[in-house]
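Just so you know, we're using the working numbering here: the sequence shown kicks off at 11 and counts up by one.
Positions of the beta carbon are idealized from the N, C-alpha and C atoms, including for glycine.
Nothing here was measured: the structure is a model prediction, and the numbers come from that model.
Note sheet for the following structure.
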Amino acid sequence: MISLANRAKDRLKVLMVDDEDTVRSLYVYYVKRYDVIPLEASDGQQAWELFKEHRPEIVITDIRMPNIDGLGLLKLIAEEDSETEVILATGFADMDVVIEALRCGAANLIEKPFSRGVFQSQFERSLKRVSNRFEKKLLLLELEKERKERDLSARMATVGRLMAGLAHEIHNPLTFLKGNAELVNQLFIKHCEHSGDQSYSGKITELLGDIEFGAKRIESLLVSLGRFGNISDEPKKLISLASLLENCERLTRAKRPPNVKLETVKVDPTLHISVHRVEFESCLINLIINAFEASAQSGGTVTVVATPQAEENMLEILVNDEGIGIPEEVVDTIFTPFYSDKEGGTGLGLSIAYESAKKNDATLTITPRPQGGTSAHINIKYQIVDG
């Protein structure tokens, strides 16, 4: 017996067509030992409707039937799907019928009456061919996936060299900015103490604090950019997901369009993930900013939510937006460096997010939402840390 247990989510479908109930019952009895879904039709017209609805991989049909006969059904199926295995059964087999059936694409032809052994021999040949075609398609899909991953890795290496150069060039003006922000803060505090005017001190101190915080963040990010495309030599740290999301919300505040809201659903404070913090934050920040940009015209809400999954120790972080969405045909190319469908876009945001997730042993996928907009899915292992 041929096993198709690993054949995908759906079981094999077999359509059995004969105007005699006893013959169809015999077919069902013969195929019940196989892991298949049996479908029955009493004439060619009913069989054709069932075929269009269920797309069975194997069809067993009598030749002499009302409405559409077996040869007519064979021709219709061959035009619709040439890979369908059609086995013709007839009690009136002659050379002309055999030649016509084979010419029209019949897989096998069985002469009635037939024994169980003859039926199963012919049926298993078709079953084996279906299985081989399916395995071939899976292999081709895997090979194509590997080819795309190799191409993406090569592009990432090129981007890595570019990022290392940019990091070096940015470092000097950043040091200047950071130093001047600290100096302005000190001078402002002295001015307030001398003049006694405290009317704006709180707000200005807060803004200068944000500038300093952002400068330090850029400084840390430059270190990550310098090793973009390489595995970090720094150990991962166990970090509270709640604090990480809070940081991301703060760092993306200035990028949020006025007509877009950001909602970060509160997470259990005991949820922790082991990551390179700067790089993983970079992943989330790029996803949130990408969601902002996609929603800028239509407005709406960008939602960040983290949910533990049924699979042991796996956590899904979702970044959902209500924006323009991503066409199905470009989903496979959005992580390619320098690909962008936005005017003025660099095409690096999602590439950096993908690379950052990968370096933290997380997976990142982007899918269109049925109700409109886009969902970014990050899947990563988590730990529970009390206290």
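Can you have a look at residue i and say buried or exposed, based on whether 16 or more other CB atoms are within 10 angstroms of its CB?
i: Asp396; result: exposed
i: Lys132; result: The sequence shown places Gln at residue 132, not Lys. So Gln132 counts as buried.
i: Tyr39; result: exposed
i: Ile241; result: Unreliable placement is indicated for Ile241, whose pLDDT of 49 sits below 50; the coordinate value is still reported in the next sentence. Burial call: exposed.
i: Leu360; result: buried
i: Phe422; result: Since the displayed the chain opens at 11 and closes at 397, residue 422 lies outside it and no answer follows.
i: Arg34; result: buried
i: Phe129; result: buried
i: Gly354; result: Because the pLDDT at Gly354 is just 44, under 50, the model does not fix this residue reliably, and the point stays unresolved.
i: Ala225; result: buried
i: Ala372; result: buried
i: Glu156; result: exposed
Need the endpoints of the alpha helix (DSSP H) that residue i sits in, please.
i: Asp31; result: Asp31 to Val41
i: Asn300; result: Arg287 to Ser305
i: Lys257; result: The sequence given here places Asn at residue 257; Lys does not occur at that position. Leu251 to Leu261 is the span of the alpha helix (DSSP H), which, as asked, contains Asn257.
Going by beta carbon distance, what residues of the same chain come within less than 7 Å of residue i, once the five residues before and after it are set aside?
i: Ala116; result: Leu84, Val96 and Leu98
i: Lys19; result: A caution first: Lys19 carries a pLDDT of 43, below 50, which makes its placement in the model unreliable, though a value can still be read off. Here the set comprises nothing.
i: Val194; result: Leu218
i: Glu256; result: none
i: Asn118; result: Ile97, Gln132, Arg135 and Ser136
i: Tyr37; result: Met26 and Ile70
i: Ile362; result: Ser292 and Asn296
What residue range is occupied by the uninterrupted beta strand (DSSP E) comprising residue i?
i: Ala316; result: Gly310 to Pro318
i: Ala386; result: Thr384 to Lys391
i: Thr274; result: Val270 to Thr274
i: Asp378; result: The question names Asp, yet the displayed sequence has Pro at residue 378. Thr373 to Pro378 is the span of the beta strand (DSSP E), which, as asked, contains Pro378.
If I measure Cβ to Cβ from residue i and keep anything under 6 Å in the same chain, skipping five residues before and after, which residues do I get?
i: Val275; result: Val315
i: Val27; result: Ala51, Ala57 and Thr71
i: Ala386; result: Leu297, Val329 and Ile376
i: Arg237; result: Low per-residue confidence applies at Arg237: pLDDT is 49, beneath 50, and the placement is therefore not dependable enough to give any value.
i: Leu294; result: Cys258
i: Ile120; result: Ala99 and Gln132
i: Ala252; result: Val277 and Pro279
i: Ser284; result: Lys246 and Leu248
i: Pro76; result: Asp53
i: Lys188; result: Ala225
i: Ile47; result: Arg21 and Lys23
To which residues does DSSP link residue i through a beta bridge?
i: Ile47; result: Lys23
i: Met248; result: The amino acid occupying residue 248 in the given sequence is Leu; Met does not appear at that position. According to DSSP, which records beta bridges pairwise, Leu248 is partnered with Ser284.
i: Val96; result: Val69
i: Asn118; result: Ile97
i: Leu325; result: Pro318 and Ile390
i: Asp220; result: For Asp220, which the question treats as bridged, DSSP gives no partner whatsoever.
i: Gly330; result: The sequence shown places Asn at residue 330, rather than the Gly named in the question. According to DSSP, Asn330 bridges with Thr313 and Ser385.
Please confirm if residue i has its CB atom under 9 Å from at least one CB of chain B.
i: Met75; result: Among the protein chains of the structure shown there is no chain B, as only one such chain exists.
Starting from the C-beta of residue i, find all residues in its chain whose C-beta is less than 8 Å away, skip the five residues before and the five after it, and write them out in chain order.
i: Gly82; result: Gly54
i: Thr384; result: Ala301, Ala304, Asn330, Asp331, Gly333, Gly335, Ile336, Ile376, Thr377 and Pro378
i: Cys114; result: Leu81, Leu84, Lys85 and Ala88
i: Leu49; result: Lys23, Val24, Leu25, Met26, Leu60, His64 and Pro66
i: Arg287; result: Lys247, Ile249 and Leu254
i: Val270; result: Phe302, Ser305, Ala306, Gly309, Gly310, Thr311 and Val312
i: Leu325; result: Leu251, Leu281, Ile283, Ala316, Thr317, Pro318, Gln319, Asn389, Ile390, Lys391 and Tyr392
i: Arg143; result: Glu93
i: Thr215; result: Asn195, Phe198 and Ile199
i: Asn323; result: Lys391, Tyr392 and Gln393
message: For a minimum of 4 consecutive residues, which ranges assigned as the alpha helix (DSSP H) are wholly contained in the stretch 49-94?
response: Segments of the alpha helix (DSSP H) lying fully in the stretch 49-94: 54-64 and 80-90.
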